[in-house]
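Residue numbers (the numbering used here), protein chains in the order written: chain A, 5 to 151; chain B, 23 to 445.
What follows is a short report on a single structure.
The following block contains the structure:
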């Protein structure tokens with residue numbers, strides 16, 4: 005059965021029992037947040053924007069998800085690559101690389117699980133962080149709050 | 023020639039780089055339809071820059087590109103293509119007017135003999151290249167401070183060419199015949215043939231040998247190579263080896279070989295006989311046949327990319343900033359980078375960031391070409407392997423796999439290296 009990215013997104017957001025949803029309870033959430041030239045699929049954040057968690061969703065392309073998630077480390081506190089459980093094994097086999105880069109892995113299906121916890125980003129860049137905060141505040145002010 | 027030459031695809035939007043980085047490239051390549059559109063401005067500009075140039079006749083565009091791409095929003099043929107069609111004569115104009123692509127039957131009779139169109143198109147394509155600028159220059163002579171040189175820097179003329187994917191492809195015969203006839207019509211300029219083919223064609227040794235033999239006729243002075251959609255960073259080792267073989271054999275009679283869309287691998291191929299390569303300023307180092315040549319690219323220009331000299335490749339700015347944070351040793355020490363660190367910030371105006379990154383690219387390319395001398399060859403080859411080995415454990419996140427492939431192809435074809443005794 006063909007799986008689409010938007011279906012993954014839906015499974016991720018709508019399942020209240022999923023591990024990330026429980027972890028980020030009380031956090032605000034936005035989809036498709038553009039910072040720099042990249043668009044993060046999902047972003048969770050606390051009220052003071054001290055914690056910003058970015059998630060890149062991909063059905064099966066773990067390398068591509070990793071690359072994107074790495075770029076989000078310029079502004080996010082933690083950054084995850086989220087893949088369909090059906091295809092997450094490729095990423096898990098390479099968890100060494102994810103750990104080296106500090107990017108976490110999430111698998112998505114009926115029960116969404118954090119397979120590898122992300123490290124706090126040590127690559128944050130003040131200018132990117134400001135851009136991310138400005139964009140989040142702009143979207144919130146426009147009433148664009150998903151949660 | 024003691025180092026590889028570098029030509030830039032002419033694009034009016036890039037004039038700023040052409041003028042500010044005058045010493046960092048050797049000349050221009052300009053597409054025929056762009057020349058018809060910008061003949062006056064290119065003549066004046068080229069004259070002031072005093073750089074050599076050549077014209078890509080783009081005959082393959084009429085064979086491959088979806089015909090609707092030649093049309094404007096009202097359904098008429100775009101002006102630049104219409105102008106070019108008029109220069110190229112009835113066969114091309116007829117195709118444009120009937121909204122069809124060129125077919126082999128436009129050039130071949132049922133008995134496989136050649137139609138008069140072959141001669142007409144060849145003559146017209148050559149005449150277009152030699153006369154358009156001359157006519158323009160004489161028309162603009164009042165505006166030149168000094169009398170422009172007669173040749174105006176045109177290096178050579180290019181025979182009409184078409185894409186072929188096998189030796190039995192009729193387009194192969196047509197291209198070959200047009201190259202032969204171009205040589206017979208040769209005037210004051212050297213004549214080049216264009217080999218426009220696929221990676222699959224080059225995969226067979228027999229194809230390379232036959233092609234080299236077929237095109238080895240007196241009077242032909244050089245070759246332009248265009249391999250469909252070949253991205254030097256993404257290809258397999260075997261293709262690089264085949265390219266080195268092709269270049270070696272084609273250049274064996276001191277003929278020049280120029281890659282129309284290339285990057286650093288084309289610079290290294292100098293040691294096998296590649297005399298030059300062409301690209302845009304940090305873009306257009308590969309191109310598909312079915313892609314229509316464009317004036318300005320996407321709105322705002324191509325995505326700005328930062329060239330990482332140690333990896334001989336370019337990456338989007340955000341990725342570059344992230345990678346340089348984790349691997350600070352990748353920071354470039356060129357004149358542009360060391361003086362403009364703040365320019366590579368995300369909030370820098372995009373056009374300025376692009377400007378600085380493109381200047382950095384040209385600066386790096388100049389340095390790369392200057393390093394490419396025979397005495398350095400082993401050092402350059404080993405540097406590929408050295409960088410790959412050093413960062414191998416980060417292979418999945420760093421753009422380095424091409425370095426190992428290039429190195430491997432170079433090792434496999436070391437016996438063909440033109441200066442083997444010095445290697």
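Beta carbons are placed, not taken as given, at the ideal position from N, Cα and C, and that holds for glycine.
- Distance from the Cα of residue 105 of chain A is smallest, within the candidate group B:84, B:435, B:426 and B:416, for B:416.
- Excluding its 5 nearest sequence neighbours in each direction, residue 304 of chain B has C-beta neighbours in its own chain below 7 Å: 327, 329, 336, 379, 380 and 383, listed in chain order.
- Around the beta carbon of residue 145 of chain A, fewer than 16 other beta carbons lie within 10 angstroms, which makes this residue exposed.
- Where residue 87 of chain B is concerned, there is no enclosing beta strand (DSSP E), because DSSP gives it neither an H nor an E.
- Pairing residue 279 of chain B with residue 297 of chain B gives a Cβ-Cβ distance under 8 Å.
- Using a C-beta cut-off of 8 Å, the region 256 to 272 of chain B makes no contact with the region 190 to 200 of chain B, since fewer than three inter-stretch Cβ pairs fall below that distance.
- Contact of residue 340 of chain B with chain A is assigned, a C-beta pair being separated by under 8 Å.
- About 4 Å separates the beta carbon of residue 175 of chain B from that of residue 74 of chain B, a gap short enough to meet the 8 Å contact definition.
- Against chain B, the CB of residue 127 of chain A has a partner CB under 8 Å away; the residue lies at that interface.
- Closer than 8 Å at the C-beta level to chain B, one finds these residues of the region 89 to 102 of chain A: 98 and 101.
- Using a 10 angstroms sphere on the CB of residue 437 of chain B, the tally of other CB atoms stays under 16, which defines it as exposed.
- Taking 8 Å as the threshold, the shortest C-beta distance from residue 75 of chain A to chain B falls below it.
- Chain-ordered, the chain B residues with CB closer than 9 Å to the CB of residue 70 of chain A read 418 and 419.
- Beta-bridge annotation (DSSP): residue 214 of chain B is paired with B:180 and B:244.
- Three or more pairs of CB atoms, one per stretch, sit closer than 8 Å, so the region 43 to 56 of chain A contacts the region 25 to 35 of chain A.
- Around residue 137 of chain B, the same chain offers 128, 129, 130 and 131 as residues with beta carbons nearer than 8 Å, after the five sequence neighbours per side are excluded.
- Cβ neighbours of residue 31 of chain B within its own chain (closer than 8 Å, five residues either side excluded): 50, 51, 52, 53, 300, 301, 302 and 306.
- Among the bridge pairs identified by DSSP, residue 56 of chain A is matched with A:49.
- The straight-line gap separating the alpha-carbon atoms of residue 7 of chain A and residue 63 of chain A is approximately 7 Å.
- The alpha-carbon separation between residue 212 of chain B and residue 202 of chain B amounts to approximately 13 Å.
- Distances from the alpha-carbon of residue 66 of chain A to those of A:130, A:53 and A:96 put A:96 closest.
- Contact between the region 422 to 439 of chain B and the region 286 to 296 of chain B is present: three or more C-beta pairs spanning the two stretches fall below 8 Å.
- With contacts defined by Cβ atoms closer than 8 Å, residue 148 of chain B and residue 179 of chain B form a contacting pair.
- CA-to-CA, the gap between residue 400 of chain B and residue 24 of chain B works out to about 16 Å.
- If you compare the alpha carbons of B:339, B:388, B:347 and B:410 with that of residue 377 of chain B, the shortest gap goes to B:339.
- Residue state for residue 423 of chain B is assigned as helix, using DSSP reduced to three classes.
- Taking a Cβ-Cβ threshold of 7 Å, the residues of chain A close to residue 343 of chain B are 78 and 129, in chain order.
- Residue 184 of chain B and residue 145 of chain B have their C-alpha atoms roughly 16 Å apart.
- In the three-state reduction of the DSSP assignment, residue 68 of chain A falls in the helix class, which pools H, G and I.
- Taking the beta carbon of residue 111 of chain A as reference, no residue of chain B falls within 8 Å; the closest one sits roughly 19 Å away.
- With a 10 Å radius around the Cβ and a threshold of 16 neighbouring Cβ atoms, residue 433 of chain B comes out exposed.
- Spanning the alpha carbons of residue 205 of chain B and residue 355 of chain B requires a straight line of approximately 47 Å.
- The Cβ of residue 105 of chain A sits closer than 8 Å to at least one Cβ of chain B.
- Residue contact with chain B for residue 42 of chain A: present (Cβ-Cβ distance below 8 Å to some residue of chain B).
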